[in-house]
Amino acid sequence: MKILVPVKRVVDYNVKIRVKPDQTGVDLANVKMSMNPFCEIAVEEAVRLQEAGTATEVIAVSIGPAQSQETIRTALAMGADRGILIQTDAEVEPLAIAKLLKGVVEAESPDLVILGKQAIDGDNNQTGQMLAALMGWPQGTFASEIKPEAGHIGVTREIDGGLQTIKLNLPAIVTTDLRLNEPRYASLPNIMKAKKKPIDEKTPEDFGVDVTPQIEIIKVAEPPVREAGVKVETVEELVDKLKNEAGVLS
Amino acid sequence: MNTLVIAEHDNQTIADATKKALSAAIALGNDVHLLVAGENCADAVADAAKIDGVAKVLKADDAAFAKLLAEPLADLVVSLAESYSAIITAATTNGKNFMPRIAALLDMPQLSDITAVIDADTFERPIYAGNAIQTVKVSSAKKIMTVRATAFPIAGEGGSATIENLTSTGDKGISEYIGEELTVSDRPELTSAKIVISGGRGMQSGDNFTILESVADKLGAAVGASRAAVDAGFVPNDYQVGQTGKVVAPELYIAVGISGAIQHLAGMKDSKVIVAINKDEEAPIFQVADYGLVADLFNAVPELDSAL
Ligand SMILES: Cc1cc2nc3c(=O)[nH]c(=O)nc-3n(C[C@H](O)[C@H](O)[C@H](O)COP(=O)(O)OP(=O)(O)OC[C@H]3O[C@@H](n4cnc5c(N)ncnc54)[C@H](O)[C@@H]3O)c2cc1C
Ligand SMILES: Cc1cc2nc3c(=O)[nH]c(=O)nc-3n(C[C@H](O)[C@H](O)[C@H](O)COP(=O)(O)OP(=O)(O)OC[C@H]3O[C@@H](n4cnc5c(N)ncnc54)[C@H](O)[C@@H]3O)c2cc1C
């Protein structure tokens, strides 16, 4: 089984981002960037399937600026075999990302594509489902467990009420939730080895995809700030304030 | 052109999240139709017809829609799409699952998790775990959107919508429902509860959550958790509040043994009143708490329980 893993370069999850004073966006200058945490989980799952002998090849693909190379290298250091970079400096919307990924899927014919359920910058939670639609493939979103078998895959999904298990025909799309696995740290020898693994470079034009945004950003603003309140000394004082000051307890 | 809202329901009643998403749909100004797809969903359809502001209920009653799997549901919605200029649903796990599939089949962009309707084309939505709010304008022929339910009021009762029966578009059979493991609880549902009490890593074990449950039962509250508490196996996944879990905005949110990571705050900082109980006075949760109590939770929570 061949697995394709789209990986996205995003602001590191520990960074407290700042909105630009002119409200045109988020200030990303000199900010630490990392692989989107859900994409790390996707790479880890693919590599585990390869180690278990289920997967034969794992390909990492990223769409973004030249520095997205680093994100692909991280995936290669975790164990992916080779990379594809579709280089663009444009802000590409999920539908256009999905169309580019469709181009890659058609060229590579993977049996399974594992994506993150959401990127922690745009928080869109769209790309995997859109790719599934464009391919006419089934989708197993928010996966906390996957079990590939001959011709199909079992996916346990994290849903609002608990867990749901579905069975999908292959080829299929899976998106990862937090509890699918705990991604490994790449070892130094593997980081060195990854430097020699091939990365193919492409552009959106190679796939004939128009990446012009269809959504116009009018402004990006700070959310209303919440002021820190008061410290109470005792439980008794807390209950009194909740009843008589805040009025949320009767 | 009208607006189509896709309902979340349990075949009996329409979910509160849908009734809130309806308020966003009504704000667009066009006639609103509510699609109820399910199996044996007549009661839910009757409930839908009573909601204020719904002009028509579309009923699709077929085994293909029993579990709202994305593949058959998307095909159904695409078959209806021609007469709608907006397609909307609540950003529940179901909505997040099927909506982008519908958008891509229609070759339209999607707006996820809108929190305000500025005008018929302009909306607000949070990005970066709610640390920035984007105002966006959509020029596409159809607006495909998921709605953050906590940001909108619940639509009222008193409507009398007409009901139209749809023919099923069937199921191509590429996906199959196998089973479910649902959390059973008599407590209110997390996203619509008026009071939520959540525990974090500081709870130390799943058994210790009983002290929170006892308080919750006295207050009629729902119980939530941080990611750390879910990852550690203290409580099931559907308890998780945060950027990548559930978003809640109750009257009162009580965070117990939770440090206040940005990813957690993203899911609860719009609560009306926030209480934090934490033994570390430097914990970031205190920066958003209206009332902070620096104390060991194993003393404070039982004390709270007996004070109520
Ligand atoms: C209105 C709008 C405003 C934007 N503003 C900003 C901004 O201020 N700053 C900014 O940095 N970006 C911005 N973007 C870009 C945006 O953050 C996302 O990069 C883009 O929309 C994709 O959405 P997502 O990553 O949230 O997708 P999701 O659907 O949440 O991503 C899910 C998964 O899809 C895959 N994936 C997504 N993108 C890629 C990729 N590029 N390469 C490989 N795999 C991928 C990954 O597996 C990922 O885990 C904006 C986009 C839009 C539409
Ligand atoms: C991609 C991604 C997505 C994430 N999504 C979410 C999400 O949706 N929701 C979420 O919650 N997190 C999320 N996280 C995780 C988040 O970053 C934090 O790790 C998590 O919220 C920490 O949980 P916690 O506060 O329970 O644990 P900790 O940070 O370990 O805090 C425990 C707190 O308990 C206090 N404590 C310990 N013992 C006691 C005691 N006896 N009495 C009183 N206080 C005590 C400590 O002082 C400490 O402040 C995400 C992370 C990533 C990378």
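Chains as they are written, first to last, in the numbering used here: chain A, 9 to 258; chain B, 12 to 319.
For every residue, glycine included, the Cβ atom is placed at its ideal position computed from N, Cα and C.
Since the structure is predicted, the reported quantities are computational estimates derived from the model, not experimental observations.
Taking the CA atoms as reference points, residue 22 of chain A sits about 12 Å from residue 43 of chain A. The beta carbon of residue 190 of chain B falls within 9 Å of a beta carbon belonging to chain A, placing the residue at that interface.
A Cβ-Cβ distance of about 7 Å is found for the pair residue 156 of chain A and residue 57 of chain A, placing them in contact under the 8 Å criterion.
Close CB contacts of residue 218 of chain A within its chain, under the 6 Å cut and outside five residues either way in sequence, are absent. Residues of chain B whose Cβ lies closer than 9 Å to the Cβ of residue 222 of chain A are, in chain order, 119, 120, 149, 150, 151.
Apart from the 5 residues on each side of it in sequence, residue 287 of chain B sits with its Cβ closer than 6 Å to the Cβ of 266, 296, 297, 300, 303 in its chain, given in chain order.
Of all residues in the stretch 78-90 of chain B, only 78, 80, 81, 82, 85 place a beta-carbon less than 8 Å from a beta-carbon of chain A. Around ligand 2, the residues whose beta-carbon falls short of 5 Å from at least one of its heavy atoms are A/21, A/45, B/211, B/212, B/213, B/237, B/238, B/239, B/253, B/254, B/255, B/256, B/268, B/269, B/270, B/272, B/274, B/275, B/289, B/290, B/291, B/294, B/307, B/308, given in chain order.
Just measuring C-alpha positions, the residue of A/194, A/17, A/236 sitting nearest residue 97 of chain A is A/17.
Residue 196 of chain A counts as exposed, since fewer than 16 other beta carbons sit within 10 angstroms of its beta carbon.
DSSP places residue 289 of chain B in the strand class (E or B) of the three-state scheme. With a cutoff of 9 Å on beta-carbon distance, residue 51 of chain B and residue 13 of chain B are scored as not near each other.
Shown here, residue 156 of chain B sits in a strand according to DSSP, grouped into three states. Per DSSP, the beta bridge partners of residue 163 of chain A are A/154, A/174. By the neighbour-count criterion, in which a residue is buried when 16 or more other Cβ atoms sit within 10 angstroms of its Cβ, residue 189 of chain B is exposed. What residue 93 of chain B touches in chain A, judged by beta-carbon distance under 7 Å, is nothing: the nearest beta carbon there is about 17 Å away.
Secondary structure at residue 205 of chain B: coil, using DSSP grouped into helix, strand and coil.
Within the model, the alpha-carbon separation for residue 53 of chain B versus residue 22 of chain B is close to 7 Å. Using a CB distance cut-off of 9 Å, residue 217 of chain B does not count as an interface residue toward chain A. Per the Cβ contact rule, the stretch 60-67 of chain B is not in contact with the stretch 129-141 of chain A (fewer than 3 Cβ pairs under 8 Å). A distance below 9 Å separates the beta carbons of residue 133 of chain B and residue 226 of chain A. Short of 7 Å from the beta carbon of residue 30 of chain B, and not among the five residues preceding or following it, lie these beta carbons of its own chain, in chain order: 62, 165, 166.
Under the DSSP assignment, residue 249 of chain A falls in the alpha helix (DSSP H) whose first and last residues are 243-252. Looking at B/234, B/230, B/175, B/156, the one whose alpha-carbon comes closest to that of residue 202 of chain B is B/234.
DSSP, read as helix, strand or coil, puts residue 112 of chain A in helix. Contact check for residue 41 of chain A against residue 192 of chain A fails: the beta carbons are separated by 9 Å or more. For the stretch 125-136 of chain A, the set of positions with a beta-carbon nearer than 9 Å to some beta-carbon of chain B reads 125, 126, 128, 129, 130, 131, 132, 133, 134, 135, 136 in chain order. Taking 9 Å as the cut-off, the Cβ atoms of residue 251 of chain B and residue 278 of chain B count as close.
Distance from the Cα of residue 124 of chain B is smallest, within the candidate group B/220, B/280, B/79, B/32, for B/32.
Straight through space, the alpha carbons of residue 169 of chain B and residue 47 of chain A are spaced by roughly 46 Å. When C-beta distances to chain A are compared with 8 Å, the residues of the stretch 261-277 of chain B below that value are 262, 263, 273, 274, in chain order.
DSSP, reduced to helix, strand and coil, places residue 249 of chain B within a helical segment of the structure shown. Taking a Cβ-Cβ cut-off of 9 Å, the neighbours of residue 186 of chain A in chain B comprise 238, 241, 242, 248, 251, 255, 256, given in sequence order. Using a Cβ-Cβ cut-off of 8 Å, residue 286 of chain B is close to 246, 250 of chain A, given in chain order.
Every unbroken stretch of the beta strand (DSSP E) spanning 3 or more residues and falling wholly within the stretch 125-155 of chain B is given here in chain order: 127-130, 133-138, 143-149.
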